[in-house]
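Single-structure report; data block below.
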Amino acid sequence: MADQRTSVRNAQHGAKVVAQDIMEQSEEAKHRLGERLVIGDRIFRYCRSTATALVAGDIVTSITAANTIYGLALAAAAIGDTSVTLSGPATISTNMFAEGFFTVVSGSGAGNTYKIKSNAAGSGTTVAKLYEPLVTTFNTTNTLAKGRDSIYNGVQTASTATASMAAGTIGVAPIAVTASYYFWAQTYGPAGAKVVAGVGDAATEVHLARSTVTDNTLMIAALVSSTSTSVGTIDSELVATYIMAGRTTVGGTYELVKLTLDA
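Residue numbering for the sequence shown follows this note's numbering, beginning at 1498 and increasing consecutively.
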(Lines of atoms letter the chains of each structure in order from A and count residues from 1; the text may use other names and numbers.)
(Lines give C-alpha, C1' and ligand atoms only; values in the text may rest on other atoms or scores of the structure.)
Protein backbone atom coordinates (compact mmCIF):
# COMPACT_ATOMS: atom_id res chain seq x y z
CA MET A 1 0.00 0.00 0.00
CA ALA A 2 1.30 3.46 -0.87
CA ASP A 3 2.27 5.82 1.92
CA GLN A 4 -0.78 8.07 2.28
CA ARG A 5 1.24 10.74 4.06
CA THR A 6 2.63 11.90 0.73
CA SER A 7 -0.85 13.10 -0.27
CA VAL A 8 -1.51 15.15 2.88
CA ARG A 9 -1.43 18.90 2.31
CA ASN A 10 1.76 20.52 3.68
CA ALA A 11 2.80 17.24 5.36
CA GLN A 12 6.19 17.44 7.09
CA HIS A 13 8.09 14.29 7.95
CA GLY A 14 11.07 15.95 9.63
CA ALA A 15 14.18 17.62 8.29
CA LYS A 16 15.77 15.77 5.37
CA VAL A 17 18.58 18.22 4.64
CA VAL A 18 19.96 19.84 7.80
CA ALA A 19 21.32 23.37 7.37
CA GLN A 20 22.36 23.61 11.02
CA ASP A 21 24.07 20.93 13.09
CA ILE A 22 22.64 19.93 16.49
CA MET A 23 25.82 21.28 18.12
CA GLU A 24 25.55 24.67 16.41
CA GLN A 25 23.56 27.83 17.06
CA SER A 26 22.56 30.49 14.56
CA GLU A 27 21.59 34.15 14.70
CA GLU A 28 19.29 33.59 11.72
CA ALA A 29 16.66 30.88 11.30
CA LYS A 30 17.79 28.04 9.06
CA HIS A 31 14.74 25.84 9.67
CA ARG A 32 11.10 26.36 10.57
CA LEU A 33 10.36 26.79 14.26
CA GLY A 34 9.25 23.44 15.63
CA GLU A 35 10.75 21.45 12.77
CA ARG A 36 11.48 17.89 13.90
CA LEU A 37 14.84 16.17 13.43
CA VAL A 38 15.42 12.47 14.11
CA ILE A 39 18.99 11.25 14.54
CA GLY A 40 19.12 7.58 15.47
CA ASP A 41 17.42 7.21 18.86
CA ARG A 42 17.30 10.96 19.52
CA ILE A 43 14.73 13.58 18.48
CA PHE A 44 15.18 17.37 18.33
CA ARG A 45 12.95 20.41 17.71
CA TYR A 46 14.12 23.68 16.17
CA CYS A 47 13.78 26.53 18.68
CA ARG A 48 14.67 30.15 19.32
CA SER A 49 15.96 31.11 22.75
CA THR A 50 14.44 33.94 24.74
CA ALA A 51 16.25 37.19 25.57
CA THR A 52 18.30 35.32 28.20
CA ALA A 53 21.11 32.97 27.15
CA LEU A 54 20.88 29.23 27.80
CA VAL A 55 23.48 26.90 29.32
CA ALA A 56 24.23 23.44 27.93
CA GLY A 57 22.06 20.91 29.74
CA ASP A 58 19.40 23.49 30.65
CA ILE A 59 15.87 22.16 30.80
CA VAL A 60 13.94 24.55 28.58
CA THR A 61 10.26 25.42 28.56
CA SER A 62 7.92 27.40 26.41
CA ILE A 63 6.97 30.85 27.65
CA THR A 64 3.44 31.80 28.55
CA ALA A 65 1.90 33.21 25.41
CA ALA A 66 3.48 36.62 24.94
CA ASN A 67 2.11 36.95 21.42
CA THR A 68 -1.55 36.02 21.60
CA ILE A 69 -4.43 35.92 19.16
CA TYR A 70 -7.81 36.83 20.56
CA GLY A 71 -11.12 38.40 19.62
CA LEU A 72 -13.49 37.97 16.72
CA ALA A 73 -12.61 37.13 13.14
CA LEU A 74 -12.85 40.68 11.86
CA ALA A 75 -13.62 39.75 8.28
CA ALA A 76 -15.88 37.08 6.86
CA ALA A 77 -14.14 34.05 5.38
CA ALA A 78 -15.44 31.22 3.24
CA ILE A 79 -14.82 27.50 3.09
CA GLY A 80 -11.57 26.91 1.23
CA ASP A 81 -9.99 30.27 2.14
CA THR A 82 -6.37 30.14 3.27
CA SER A 83 -6.21 33.70 4.64
CA VAL A 84 -8.12 35.06 7.64
CA THR A 85 -8.18 38.30 9.61
CA LEU A 86 -7.53 37.95 13.33
CA SER A 87 -7.12 40.36 16.23
CA GLY A 88 -4.06 40.50 18.45
CA PRO A 89 -1.68 42.92 20.20
CA ALA A 90 -1.65 46.63 19.41
CA THR A 91 1.56 46.16 17.41
CA ILE A 92 1.86 43.05 15.26
CA SER A 93 5.11 42.43 13.41
CA THR A 94 5.52 40.45 10.21
CA ASN A 95 5.41 36.69 10.91
CA MET A 96 4.99 37.20 14.65
CA PHE A 97 2.58 34.25 14.62
CA ALA A 98 4.36 32.10 12.01
CA GLU A 99 4.26 28.39 12.92
CA GLY A 100 1.76 29.14 15.68
CA PHE A 101 -1.82 27.93 15.99
CA PHE A 102 -5.28 29.24 16.70
CA THR A 103 -8.48 27.46 17.70
CA VAL A 104 -11.99 28.63 16.95
CA VAL A 105 -13.50 28.62 20.44
CA SER A 106 -17.09 29.59 19.66
CA GLY A 107 -19.45 30.38 16.84
CA SER A 108 -19.08 29.21 13.27
CA GLY A 109 -16.18 26.74 13.04
CA ALA A 110 -15.91 26.11 16.79
CA GLY A 111 -13.51 23.29 17.59
CA ASN A 112 -11.35 23.64 14.47
CA THR A 113 -7.64 24.37 14.87
CA TYR A 114 -5.41 25.88 12.18
CA LYS A 115 -1.65 26.33 11.81
CA ILE A 116 -0.40 29.74 10.71
CA LYS A 117 2.08 29.88 7.84
CA SER A 118 2.73 33.62 7.95
CA ASN A 119 1.13 36.90 8.92
CA ALA A 120 1.28 40.52 7.86
CA ALA A 121 2.28 43.43 10.06
CA GLY A 122 -0.61 45.36 11.58
CA SER A 123 -2.01 47.41 14.43
CA GLY A 124 -4.39 45.27 16.46
CA THR A 125 -5.32 43.09 13.50
CA THR A 126 -3.44 40.92 11.04
CA VAL A 127 -4.10 38.95 7.89
CA ALA A 128 -2.78 35.44 8.50
CA LYS A 129 -2.06 32.83 5.86
CA LEU A 130 -2.84 29.25 6.85
CA TYR A 131 -1.32 25.90 5.97
CA GLU A 132 -4.76 24.32 5.56
CA PRO A 133 -7.90 25.83 4.02
CA LEU A 134 -10.93 26.63 6.16
CA VAL A 135 -13.47 23.82 6.46
CA THR A 136 -16.25 26.12 7.69
CA THR A 137 -17.20 29.74 7.13
CA PHE A 138 -16.14 32.51 9.52
CA ASN A 139 -18.49 35.38 10.26
CA THR A 140 -18.03 38.73 11.96
CA THR A 141 -20.64 38.31 14.68
CA ASN A 142 -19.84 35.11 16.55
CA THR A 143 -16.63 33.47 15.30
CA LEU A 144 -14.21 33.77 18.23
CA ALA A 145 -10.62 32.60 17.79
CA LYS A 146 -7.83 32.29 20.35
CA GLY A 147 -4.23 31.20 19.82
CA ARG A 148 -0.56 32.08 20.07
CA ASP A 149 2.79 32.11 18.36
CA SER A 150 4.94 28.99 18.11
CA ILE A 151 5.67 27.30 21.46
CA TYR A 152 9.23 26.92 20.17
CA ASN A 153 9.72 30.68 19.88
CA GLY A 154 11.48 32.21 22.89
CA VAL A 155 12.16 29.10 24.98
CA GLN A 156 13.57 29.72 28.46
CA THR A 157 15.37 27.94 31.27
CA ALA A 158 12.92 26.04 33.48
CA SER A 159 12.26 27.46 36.93
CA THR A 160 9.91 26.83 39.84
CA ALA A 161 8.11 30.13 39.26
CA THR A 162 4.38 29.74 38.74
CA ALA A 163 4.46 30.98 35.16
CA SER A 164 7.33 28.65 34.25
CA MET A 165 5.66 25.62 35.83
CA ALA A 166 2.52 26.41 33.85
CA ALA A 167 4.48 26.53 30.58
CA GLY A 168 5.04 23.26 28.77
CA THR A 169 8.46 21.60 28.88
CA ILE A 170 10.21 21.62 25.48
CA GLY A 171 13.35 19.59 26.18
CA VAL A 172 17.05 20.09 26.92
CA ALA A 173 19.53 22.49 25.34
CA PRO A 174 22.46 20.34 24.10
CA ILE A 175 24.75 23.38 23.83
CA ALA A 176 25.13 26.86 25.30
CA VAL A 177 22.86 29.23 23.35
CA THR A 178 23.22 32.98 22.94
CA ALA A 179 20.13 35.06 23.73
CA SER A 180 17.61 35.09 20.86
CA TYR A 181 19.59 32.56 18.78
CA TYR A 182 18.23 29.48 17.03
CA PHE A 183 19.18 25.94 18.06
CA TRP A 184 18.02 22.32 18.18
CA ALA A 185 16.50 21.39 21.55
CA GLN A 186 16.54 17.67 22.32
CA THR A 187 13.11 16.27 23.14
CA TYR A 188 13.59 12.50 23.14
CA GLY A 189 16.31 9.95 23.80
CA PRO A 190 19.51 9.85 25.90
CA ALA A 191 20.57 13.30 27.09
CA GLY A 192 22.37 15.03 29.94
CA ALA A 193 20.18 16.95 32.42
CA LYS A 194 20.42 18.26 35.97
CA VAL A 195 18.81 16.11 38.67
CA VAL A 196 18.16 16.63 42.36
CA ALA A 197 19.90 14.57 45.05
CA GLY A 198 18.66 11.01 45.49
CA VAL A 199 17.69 10.27 41.91
CA GLY A 200 18.91 6.79 41.06
CA ASP A 201 19.29 5.59 44.67
CA ALA A 202 16.66 2.91 44.10
CA ALA A 203 15.88 0.89 41.02
CA THR A 204 12.24 1.95 41.15
CA GLU A 205 13.03 5.66 40.95
CA VAL A 206 12.89 5.89 37.19
CA HIS A 207 10.18 8.42 36.28
CA LEU A 208 11.39 12.02 36.34
CA ALA A 209 9.51 15.31 36.26
CA ARG A 210 10.47 18.97 36.46
CA SER A 211 11.40 19.86 40.02
CA THR A 212 8.85 21.93 41.93
CA VAL A 213 11.56 22.92 44.44
CA THR A 214 14.83 23.53 42.55
CA ASP A 215 15.10 25.54 39.34
CA ASN A 216 16.24 23.81 36.16
CA THR A 217 16.41 20.27 37.56
CA LEU A 218 14.54 16.98 37.30
CA MET A 219 13.10 15.19 40.31
CA ILE A 220 11.52 11.81 41.01
CA ALA A 221 7.89 12.00 39.91
CA ALA A 222 5.85 11.30 43.05
CA LEU A 223 2.31 10.02 42.91
CA VAL A 224 -0.18 12.15 44.79
CA SER A 225 -3.08 10.29 46.41
CA SER A 226 -6.45 11.00 44.87
CA THR A 227 -9.96 10.59 46.22
CA SER A 228 -11.37 9.95 42.77
CA THR A 229 -9.04 7.22 41.54
CA SER A 230 -6.79 4.57 43.00
CA VAL A 231 -4.11 5.36 40.42
CA GLY A 232 -3.38 8.87 41.68
CA THR A 233 -2.00 11.82 39.75
CA ILE A 234 1.49 13.04 38.95
CA ASP A 235 2.47 16.22 40.79
CA SER A 236 4.51 17.59 37.88
CA GLU A 237 4.88 17.02 34.15
CA LEU A 238 6.73 13.79 33.29
CA VAL A 239 9.86 14.61 31.33
CA ALA A 240 12.23 11.63 31.37
CA THR A 241 13.23 8.28 32.79
CA TYR A 242 16.47 7.72 34.65
CA ILE A 243 18.62 5.15 32.86
CA MET A 244 21.42 4.92 35.44
CA ALA A 245 19.23 3.46 38.23
CA GLY A 246 21.15 2.27 41.28
CA ARG A 247 23.86 4.90 40.98
CA THR A 248 23.66 7.64 43.63
CA THR A 249 23.87 11.16 42.26
CA VAL A 250 24.73 14.54 43.70
CA GLY A 251 22.06 17.22 43.43
CA GLY A 252 22.72 19.85 40.79
CA THR A 253 24.98 17.65 38.66
CA TYR A 254 24.24 16.46 35.17
CA GLU A 255 23.12 12.89 34.69
CA LEU A 256 22.28 10.71 31.71
CA VAL A 257 18.50 10.43 31.33
CA LYS A 258 16.14 9.34 28.58
CA LEU A 259 13.89 12.20 27.54
CA THR A 260 10.32 11.11 26.74
CA LEU A 261 8.71 14.34 25.52
CA ASP A 262 8.53 13.63 21.80
CA ALA A 263 8.21 10.03 20.68
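Glycine included, every Cβ here is placed at the ideal spot set by N, Cα and C.
According to the DSSP assignment, Val-1581 belongs to the beta strand (DSSP E) that extends over 1580-1584. In this structure, the beta-carbon distance from Gly-1668 to Ala-1658 does not fall below 8 Å. Between the segment 1583-1599 and the segment 1640-1655, the count of C-beta pairs closer than 8 Å reaches three or more; the two stretches touch. Taking Val-1710 as reference, the option from Ala-1690, Leu-1756, Leu-1534 and Ser-1656 with the minimal CA-CA separation is Ser-1656. Around the beta carbon of Ala-1587, fewer than 16 other beta carbons sit within 10 angstroms, so the residue counts as exposed.
One alpha carbon belongs to Gly-1585, the other to Met-1520, and they sit about 36 Å apart. Val-1552 is classed as exposed because its beta carbon has fewer than 16 other beta carbons within 10 Å across all chains shown. The beta carbon of Ser-1615 lies closer than 6 Å to those of Asn-1592, Ala-1595 and Lys-1626 in the same chain, with the five residues before and after it left out. When only Cα atoms are considered, Lys-1643 and Asn-1636 end up about 15 Å apart. The C-beta distance from Leu-1641 to Val-1602 rounds to 5 Å, short enough to meet the 8 Å contact threshold. Burial state of Asp-1555 is buried, judged by a 10 Å Cβ sphere holding 16 or more other Cβ atoms.
Listed in chain order, the non-local C-beta contacts of Leu-1758 below 7 Å within the same chain comprise Thr-1666, Gly-1668, Thr-1684, Tyr-1685 and Val-1736, local neighbours out to five positions each way being set aside. Three or more beta-carbon pairs separated by less than 8 Å link the segment 1533-1553 to the segment 1672-1679, which places the two stretches in contact.
Ala-1618 and Arg-1529 have their C-alpha atoms roughly 19 Å apart. Residue pairing by DSSP puts Tyr-1739 in a beta bridge opposite Val-1754.
Ala-1673: not part of any beta strand (DSSP E); DSSP gives it neither H nor E.
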